[in-house]
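Here the structure is laid out as structure tokens; the discussion comes afterwards.
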Amino acid sequence: MDNNYKTAECTLLDEIAADISAVDAHSSLRYLKDEWAEYATALALHRLANAWERRVEIAEATARQKGINP
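Residues in the sequence shown are numbered consecutively from 34, following the working numbering.
Next comes the structure, spelled out in structure tokens:
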């Protein structure tokens with residue numbers, strides 16, 4: 034499942050980068066699609082949630098190793 038997320042992230046970031054390059058070459062960045070900001074925000078929140086979940090997993094594993102019941 035992580036591989037699907039990485040593929041989707043790479044595809045989305047490639048599309049955003051292509052649009053930024055195209056717009057920057059011809060005009061101002063203010064003409065970018067508003068939806069890219071929404072996608073970038075959703076991507077950042079998703080990454081934050083995954084990082085937080087991973088930290089919780091590590092903390093629980095550490096507690097188990099030390100004999101503490103989380």
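Think of the CB as a built atom: it goes at the ideal place given N, C-alpha and C, for glycine as much as any other residue.
| Check | Outcome |
| --- | --- |
| Measure the beta-carbon distance from Ala77 to Ile49 and round it to whole angstroms, keeping in mind my assumption that it falls under 8 Å. | About 12 Å; that fails the 8 Å criterion. |
| Out of curiosity, what's the CA-to-CA distance linking Ala70 and Ile101? | 43 Å |
| Please report the distance separating the alpha-carbon of Asn36 from that of Trp85. | 19 Å |
| Whole angstroms is fine: what's the gap from Arg97's alpha carbon to Ile53's? | 47 Å |
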